[in-house]
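Trainee: Residue numbers (the working numbering), protein chains in the order written: chain A, 155 to 559; chain B, 122 to 522. Cβ coordinates follow ideal geometry from the N, Cα and C atoms, glycine included. Values in this document were obtained by computation on a predicted structure and should not be read as measured data. Pasting in a structure now, in structure tokens, and then I'll have a few things to ask.
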């Protein structure tokens, strides 16, 4: 089977768009969290979010009409264009049949459900326009990327909620290594949604002021939005065209807690099995892992269980493996989160630096691992794990490596 | 890499019956479930009336499952029981047993209702128990909890091709050794929001009869239900002493990149999907014994498929028996591919392809029939072509040792 590498990175995030802004921001500890502006939060007990501000779709989209394209698709298509540019590829000269898309999401295009209900409330159900519902289903996100770039290869949405980005990158990896395409644009996208915000708020999961993963006083996650798309190519083709190689995808592992729709398995059973499967498929040992990009949402439960899972799997070495959560800066961008984290992992592998967990002030006496508190660090990682966990008990860990011949 | 992927069992709940035996017999009878809706006045649909999951799932713990999750859990229960892989009496489930589910609208009604209660009652008063059902992977997650499925759990969405993508996705995971047994297929429920969306876009048949490939066809009849196969690696099936039923062979897919809601009449994606499925199986069109079509009575969709089939099969196309079963159980969207794959499996088993309900004698370009047609040959071809630009085809055959 073919080896698969990451050769392009495109991101639209709460700390800015494009690889450089994103990476510089992460290493500097920039936070994208602030007061929610998408909708009125006065009826909510919490008011912060990680929104993308100042995004102008017309600056990015050439074929899609922003007026009839949902926000998640706009982010996704913009990120895809940026990823191709970053990979040094001319989007008009792609091998169209051999280029595909795989994306993840939590909510698809929820704005159309909100609109549906707004119209139903204001004018009654008969006033709902006919073209609204077809714009909602989540498959429109990869389809929109395919339309924007006129690419015709495998096209799939994997809506496995907050772990979806990893599933989608894993699928792109599978497609390329089996030779079903020569290039995949893989990642995740989600738009800020009052539905998601309301749900997490009602669960009491949203932090009131800041996101502080793994801190003793952590109070919750912060919903966010954005998109990340990676260009995946077979190693031989990437080398032949002289591409910059950020990282190699070695493998991934998925599992299901089969325990509870929203709460993680208390012993981290599924998380441990996903990491173990990813290492096995990648043919590396736990001793080879030099960095973990944590799911690290900032909720008391997630962070405790993830620390427990890592401690269980890595045993005495657990404290020697730096593990940070960039959700401390980006918030939880839902289906895009693990794709952004995979982008960060790829950049960590190519630059040698790992991003910090910001707002980390008080160590948690229960699990005190190396969370890379507050300051980026140069560790020259060779093998990294990217963890993602989701509602439905869906867990996915992706294993990436520094590119070496 | 494990090369051969086996189908060892099936589960199905549909508007034409539950269980593959009943489903198959009702297909053979040529009847259609299309009828004026009981739940959605003024629309013709193929709905599961008086759906009661209790005979399969019992009463305990199903209150929190929405309709999609219940339909999926019912189909999963049948396939698990038939395959002998039920985890009911296991303390913890098998970590090598999982589920891959295709869907389009998934939890649409749960999401819309949750948002609506926020509007009506305020965000502080919504029921937090309803939030978990708002994620698109909720049916797969709920079914995993219900049946103790601890292995690979994934939800895939490729529009009307979702069900076939799910089968291929699961087959690849088995080949990679990421699981030993995976339920794979799809689920779709009819709900107020999806039916209204269908009705408003004008794709629903006004006459209330889907006539696949017919000159007078005037639209689709939306359907609902869930169909799943139990897929296993050859080794896993052999270790359990199970003789598999079918083998999953070549898959093909292509995206038209034309529209999110309109067929591309050129049919290039469909043609490409067909060619890949045959090439990946290593066979030529003459070796196809029957085709289970994606045609639903859609004016544009059926024309697109006919053109793609003509391009790939050439002048011999009228000789290949075809069934367009969506006229019987409706356009089940994200589950359609899985439903059609099941029809193909049953056709190979019975050595006859079922009749096409709503058959119109003017559909002369293809060998559809108001009665069953005997088939001879090894391979069956299944199509799932969508108005969202996603096209998929799959080849299967009866298992041979």
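If you run the structure through DSSP and keep just helix, strand and coil, what is residue 531 of chain A?
Mentor: It is a strand residue.
Trainee: DSSP three-state call for residue 486 of chain A: helix, strand or coil?
Mentor: Residue 486 of chain A falls in the strand class under three-state DSSP.
Trainee: If you check the beta carbons only, do residue 490 of chain A and residue 382 of chain A fall under 8 Å apart?
Mentor: Closer than 8 Å, so yes.
Trainee: Below 8 Å on the Cβ atoms is my contact criterion, and I expect residue 393 of chain B with residue 506 of chain B to pass it. Report the Cβ-Cβ distance as a whole number of Å.
Mentor: Not a contact, Cβ separation roughly 11 Å.
Trainee: Select from A/303, A/310, A/264 and A/276 the residue whose C-alpha is nearest the C-alpha of residue 288 of chain A.
Mentor: Of the candidates A/303, A/310, A/264 and A/276, the one whose C-alpha sits nearest the C-alpha of residue 288 of chain A is A/264.
Trainee: Okay, do the stretch 360-372 of chain A and the stretch 514-525 of chain A touch, 3+ Cβ pairs below 8 Å being the bar?
Mentor: A contact exists between the stretch 360-372 of chain A and the stretch 514-525 of chain A.
Trainee: Using alpha carbons as the reference points, say which of B/156, B/498, B/294 and B/253 lies closest to residue 470 of chain B.
Mentor: Here the closest residue by C-alpha is B/498.
Trainee: Beta-carbon separation of residue 192 of chain B and residue 308 of chain B under 8 Å?
Mentor: The answer is yes: Cβ separation under 8 Å.
Trainee: Going by DSSP in three states, residue 348 of chain A sits in which element: helix, strand or coil?
Mentor: Three-state result, residue 348 of chain A: helix.
Trainee: So with CB distances below 7 Å, who are the chain B contacts of residue 308 of chain A?
Mentor: Neighbours of residue 308 of chain A on chain B, chain order: 374.
Trainee: With distances taken between CB atoms, is the gap from residue 459 of chain B to residue 358 of chain B smaller than 8 Å?
Mentor: For residue 459 of chain B and residue 358 of chain B, no; Cβs fall outside 8 Å.
Trainee: Anything in the stretch 378-409 of chain A with a Cβ closer than 8 Å to a Cβ of chain B? List those residues in chain order, please.
Mentor: Answer in chain order: 407, 408 and 409.
Trainee: Indicate whether residue 384 of chain A and residue 324 of chain A have their beta-carbon atoms separated by less than 8 Å.
Mentor: No, Cβ-Cβ distance for residue 384 of chain A and residue 324 of chain A is not below 8 Å.
Trainee: Between A/313, A/315, A/314 and A/308, which lies nearest to residue 326 of chain A when the distance is taken from Cα to Cα?
Mentor: Considering only alpha carbons, the answer is A/308.
Trainee: Cβ of residue 446 of chain B within 7 Å of any heavy atom in the ligand ATP?
Mentor: Among the components of this structure there are no ligands whatsoever, and the ligand ATP is therefore not found.
Trainee: At 4 residues or longer, and completely inside the stretch 413-493 of chain A: list those alpha helix (DSSP H) runs for me, N to C.
Mentor: As far as the stretch 413-493 of chain A is concerned, its whole alpha helix (DSSP H) runs of at least 4 residues are 423-436, 454-468 and 481-484.
Trainee: Based on the DSSP output, what are the partners of residue 163 of chain A in its beta bridges?
Mentor: For residue 163 of chain A, which the question treats as bridged, DSSP gives the partners A/384.
Trainee: For residue 327 of chain A and chain B, any beta-carbon pair shorter than 8 Å?
Mentor: Not an interface residue.
Trainee: Can you confirm whether the stretch 319-326 of chain B touches the stretch 265-284 of chain A when touching is taken to mean that 3 or more C-beta pairs between the two stretches lie within less than 8 Å?
Mentor: Touching, per the Cβ criterion.
Trainee: Quick check on residue 545 of chain A - is its C-beta less than 8 Å from some C-beta in chain B?
Mentor: Taking Cβ atoms only, chain B reaches closer than 8 Å to residue 545 of chain A, which makes this a yes.
Trainee: Expressed to the nearest angstrom, what Euclidean distance is found between the alpha-carbon atoms of residue 177 of chain B and residue 199 of chain B?
Mentor: Residue 177 of chain B and residue 199 of chain B: Cα-Cα distance of roughly 8 Å.
Trainee: From the beta carbon of residue 233 of chain A, is the nearest beta carbon of chain B less than 8 Å away?
Mentor: With 8 Å as the cut-off, residue 233 of chain A does not count as an interface residue toward chain B.
Trainee: So if DSSP puts residue 368 of chain B in a beta bridge, which residue, or which two residues, is it bridged to?
Mentor: For residue 368 of chain B, which the question treats as bridged, DSSP gives the partners B/127 and B/518.
Trainee: Assuming contact is defined by CB atoms lying nearer than 8 Å, are residue 260 of chain B and residue 190 of chain B in contact in what I supplied?
Mentor: In contact: residue 260 of chain B and residue 190 of chain B (Cβ atoms closer than 8 Å).
Trainee: So, at 8 Å on beta carbons, what are the nonlocal neighbours of residue 519 of chain B in its own chain, with the 5 sequence-adjacent residues on each side left out?
Mentor: Within the same chain, residue 519 of chain B has close Cβ partners 366, 367, 368, 469, 470 and 499.
Trainee: Would you say residue 304 of chain A faces chain B, with C-beta separation under 8 Å as the test?
Mentor: Chain B contact via Cβ: present.
Trainee: At a Cβ cut of 7 Å, what residues of the stretch 266-292 of chain B count as close to chain A, listed as they run along the chain?
Mentor: Correct list: 266, 269, 270, 271, 272, 273, 274, 275, 276, 277, 278, 279, 280 and 286.
Trainee: Starting from residue 321 of chain B, find everything on chain C with Cβ-Cβ shorter than 9 Å and list it in chain order.
Mentor: Among the chains of the structure shown, chain C does not appear; the protein chains present are A and B.
Trainee: Can you name the residues of chain A whose CB is closer than 9 Å to the CB of residue 173 of chain B?
Mentor: Result: empty, since nearest Cβ-Cβ is about 23 Å, beyond 9 Å.
Trainee: Going straight from the alpha carbon of residue 241 of chain A to that of residue 165 of chain A, what length do you get?
Mentor: Computed Cα separation, rounded: 13 Å.
Trainee: Please decide whether residue 313 of chain A counts as near chain B, where near means a Cβ-Cβ distance under 8 Å.
Mentor: With 8 Å as the cut-off, residue 313 of chain A counts as an interface residue toward chain B.
Trainee: Over the uninterrupted beta strand (DSSP E) stretch that includes residue 410 of chain A, give me the two end residues.
Mentor: Run containing residue 410 of chain A: 401-410, per the beta strand (DSSP E) assignment.
Trainee: Have a look at A/180, A/175 and A/352 and flag the residue whose alpha-carbon is nearest the alpha-carbon of residue 194 of chain A.
Mentor: When only C-alpha atoms are compared, the closest one is A/352.
Trainee: Within the continuous alpha helix (DSSP H) that includes residue 332 of chain A, where are the two ends?
Mentor: No alpha helix (DSSP H) contains residue 332 of chain A, which DSSP labels as neither H nor E.
Trainee: Quick one: what does DSSP say residue 454 of chain B is sitting in, helix, strand or coil?
Mentor: Correct three-state label for residue 454 of chain B: helix.
Trainee: Using a Cβ-Cβ distance cut-off of 8 Å, determine whether residue 263 of chain B contacts chain A.
Mentor: It does: the Cβ of residue 263 of chain B has a partner Cβ on chain A nearer than 8 Å.
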